[in-house]
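Taken in sequence, the protein lines are chains R and Y. Going left to right, the first sequence walks through residues 99 to 295 as the numbering used here numbers them. Going left to right, the second sequence walks through residues 99 to 295 as the numbering used here numbers them. The beta carbon of each residue, even a glycine, is placed where N, CA and C say it ideally should be.
There are 2 protein chains.
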Amino acid sequence: MEFSDVVRRRRMVRRYLPEGVPDHVLRRVVEAGRRGPSAGFSQGQSFVVVTDPGVRREIAALAGEDAYVAKGFQPWVSEAPAHVVVCTSEQDYRDRYRAPDKLGPRTELDWPVPFWYVDAGCSLMLLLLAAVDEGLAAGFLALKSYEGLRELLGIPAHVQPIGIVTIGRPAPDRRSGSLDRGRRPAAEVVHHDHWGA
Amino acid sequence: MEFSDVVRRRRMVRRYLPEGVPDHVLRRVVEAGRRGPSAGFSQGQSFVVVTDPGVRREIAALAGEDAYVAKGFQPWVSEAPAHVVVCTSEQDYRDRYRAPDKLGPRTELDWPVPFWYVDAGCSLMLLLLAAVDEGLAAGFLALKSYEGLRELLGIPAHVQPIGIVTIGRPAPDRRSGSLDRGRRPAAEVVHHDHWGA
């Protein structure tokens with residue numbers, strides 16, 4: 099699909115048809131996620147792909163799907179045929195910048211921005227777009243705490259899950275109420291040569 | 099351009115031809131950046147587009163371009179015809195989640211992940227890809243401190259610059275030494291249904 103169409107069509111989808119995502123398609127989506135850049139090529143991003151229905155149901159439980167359904171929504175997480183848990187590792191960045199071609203082993207960088215989260219966002223964006231490019235749809239959800247997910251999936255202590263990308267063939271879903279806020283006007287968020295200009 | 103070609107062709111470029119980026123092209127690239135998702139549609143992302151040569155030279159000075167050139171590289175930042183400073187605002191997220199349709203004014207969310215950085219990464223990724231889609235190239239640089247940039251561009255205290263996307267027509271450049279590390283194998287970073295599987 100044309101890049102501009104992918105960007106234009108992408109939206110967060112929270113309801114999917116039950117049919118599974120073929121393995122080779124899911125692999126291509128995850129491969130796109132792996133092409134996210136990273137500071138110093140630290141490559142701190144990692145992914146847990148979940149298709150097992152039992153594990154998906156457990157993730158849905160951790161996400162509080164029952165409460166979500168009680169509010170009148172359709173089940174979202176348990177019914178999404180594929181989940182990709184996006185993770186990052188601050189440790190990988192700190193190790194990378196202590197390498198001899200960076201600052202060396204005795205210097206700790208005072209990071210002005212936690213780039214492990216920024217780079218995780220890059221990979222997240224690629225996953226969301228790549229799903230659309232495959233004729234699928236994707237959503238993203240965060241949990242209030244990642245301890246349960248960490249335990250369920252065996253995610254090591256130095257790896258931080260960011261959230262879960264749900265992927266599948268889209269079914270009609272209820273529009274998110276957040277969209278009623280409207281998009282901020284360009285003049286508020288795009289400035290030229292100086293803030294406010 | 100096909101989405102998969104855009105993703106495949108994208109790499110960080112650190113040297114550009116002097117020709118400027120036409121306004122309408124630069125506007126399309128920034129519009130793509132604005133289409134990044136945000137938690138609760140908080141829309142904390144903002145952008146300062148810099149094309150003024152004097153301001154670009156000042157940004158290059160803040161980035162330590164002289165030291166970079168002294169190491170044998172070509173000037174990168176001052177010669178890139180367009181810069182897009184990507185910013186985020188934690189405050190916008192905190193305000194959003196105190197809205198009546200979220201947690202209400204008396205509850206402060208204990209954010210497990212600073213999503214303002216993740217979402218900035220989403221917008222960053224869109225900018226990098228959109229530049230390639232326009233037949234251009236992009237690079238990204240972070241500064242060690244953002245105080246100077248904040249002052250130069252008049253960026254308010256509640257807005258955090260993440261870094262600078264340089265955009266232009268690519269010139270042959272020196273390959274980043276970081277790439278010699280090689281890409282981590284898929285088996286190390288992609289897991290199935292459980293970490294390590």
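In the DSSP assignment, the beta strand (DSSP E) including R/F213 goes from what residue to what residue? Judged by DSSP secondary structure, R/F213 falls outside any beta strand (DSSP E) and instead within the alpha helix (DSSP H) spanning F213 to D231.
Is the beta carbon of Y/Y114 sitting closer than 8 Å to the one on Y/A178? Yes. Within cutoff.
As an exercise, report each continuous beta strand (DSSP E) stretch of at least 3 residues that is fully enclosed by the segment 120 to 160 of chain R, in chain order. At a cut-off of 3 residues, the continuous stretches assigned as beta strand (DSSP E) that sit fully inside the segment 120 to 160 of chain R are 144 to 148.
In chain order, what residues of the segment 211 to 225 of chain Y put their CB closer than 9 Å to some CB of chain R? Of all residues in the segment 211 to 225 of chain Y, those with a C-beta nearer than 9 Å to a C-beta of chain R are V211, P212, F213, W214, Y215, V216, D217, A218, G219, C220, S221, L222, M223 and L224, reading in chain order.
Hey, how far is the Cα of Y/G294 from the Cα of Y/E117? Rounded to whole angstroms, the separation of the alpha carbons of Y/E117 and Y/G294 is 49 Å.
Quick one, are the C-beta atoms of R/D231 and Y/S102 less than 8 Å apart? Yes. Within cutoff.
Which chain R residues are close to Y/H292, counting only those with a beta carbon under 7 Å from its beta carbon? Chain-ordered, the chain R residues with CB closer than 7 Å to the CB of Y/H292 read L251 and G252.
Would you verify that the beta carbon of Y/G275 is, or is not, closer than 8 Å to some beta carbon of chain R? Yes, contact with chain R.
Residues of chain Y with CB under 7 Å from R/V175, in chain order? Chain Y residues near R/V175: none, gap ~15 Å exceeds 7 Å.
Mind checking which residues open and close the alpha helix (DSSP H) that includes R/V104? Boundaries of the alpha helix (DSSP H) around R/V104: F101 to R107.
Measuring CB atoms only, is the segment 277 to 293 of chain Y touching the segment 140 to 156 of chain R, in the sense that at least three cross pairs come out at less than 8 Å? Contact annotation: the segment 277 to 293 of chain Y touches the segment 140 to 156 of chain R, with at least three C-beta pairs closer than 8 Å.
Opposite R/H181 in the DSSP bridges: which residues? Paired residues: R/V148 and R/T264.
Using the beta-carbon of each residue, which ones in chain R are nearer than 7 Å to Y/K242? Result: P210.
At a Cβ cut of 8 Å, what residues of the segment 131 to 159 of chain R count as close to chain Y, listed as they run along the chain? So the list reads R132, R133, G134, P135, A137, G138, F139, Q141, Q143, S144, F145, V146, V147, V148, T149, D150 and V153, given in the order they occur along the chain.
Scan the segment 101 to 118 of chain R for residues whose Cβ lies nearer than 7 Å to a Cβ of chain Y and list them as they occur along the chain. When CB distances to chain Y are screened at a threshold of 7 Å, the residues of the segment 101 to 118 of chain R falling below it are F101, S102, V104, V105 and M110, in chain order.
Taking the Cβ atom as the reference point for each residue, do R/I157 and R/I253 lie within a distance shorter than 8 Å? Contact flag unset, no.
Which chain R residues are close to Y/V287, counting only those with a beta carbon under 8 Å from its beta carbon? Result: R132, Q141, Q143, S144 and F145.
Using beta-carbon positions only, say whether Y/G280 and R/D199 come within less than 8 Å of one another. Here Y/G280 is not near R/D199, since their CB atoms are 8 Å or more apart.
Checking contacts by CB at 8 Å: is R/D199 closer than that to chain Y? Closer than 8 Å: yes.
In or out: Y/P203 buried (at least 16 other Cβ within 10 Å) or exposed? Burial call: exposed.
Pairwise C-alpha distance: R/E163 and R/R132: CA-to-CA, the gap between R/R132 and R/E163 works out to about 29 Å.
Chain Y contact for R/F238 (CB, 8 Å cutoff): At least one CB of chain Y lies nearer than 8 Å to the CB of R/F238.
Taking the C-alpha atoms as reference points, what is the distance between Y/C220 and Y/P135? Going from the Cα of Y/C220 to the Cα of Y/P135 covers about 7 Å.
Measuring only between beta-carbons, confirm whether R/R204 sits less than 8 Å from chain Y. R/R204 does not count as touching chain Y.
Can you find a C-beta in chain Y that's less than 8 Å from the C-beta of R/V128? Nearest CB-CB separation between R/V128 and chain Y: below the 8 Å threshold.
For R/R279, return the contacting residues in chain Y, with the cut-off set at a CB-CB distance below 7 Å. Simply F139.
Measure the Cβ-Cβ separation of R/A235 and R/R126 and say whether it is below 8 Å. No.
Distance, Cα to Cα, Y/A180 vs Y/T264? The alpha-carbon of Y/A180 is positioned some 6 Å away from that of Y/T264.
In terms of residues, what are the limits of the alpha helix (DSSP H) holding Y/G237? From DSSP, Y/G237 is part of no alpha helix (DSSP H) but of the beta strand (DSSP E) over A235 to L239.
Can you round the beta-carbon distance between Y/P44 and R/L241 to whole angstroms, since I take them to be within the 8 Å contact cut? An answer regarding residue 44 of chain Y cannot be provided, because it is not within the stretch 99 to 295 covered by chain Y.
Close-in-space but distant-in-sequence residues of the same chain around R/D190 (CB under 6 Å, 5 per side omitted): Cβ within range, chain order: S140 and G142.
In the DSSP assignment, what residue or residues form a beta bridge with Y/T205? In DSSP, Y/T205 forms no bridge with anything.
Residues near Y/L201 by beta carbon distance below 8 Å, same chain, minus five either side: Excluding sequence neighbours, Y/L201 sits near Y195 and L207.
Which one or two residues does DSSP pair with Y/Q258 in a beta bridge? When beta bridges are read from the DSSP output, Y/Q258 appears opposite Y/T186.
I'd like the span of the beta strand (DSSP E) that includes Y/V175, first residue to last. For Y/V175, there is no enclosing beta strand (DSSP E), as DSSP marks it with neither H nor E.
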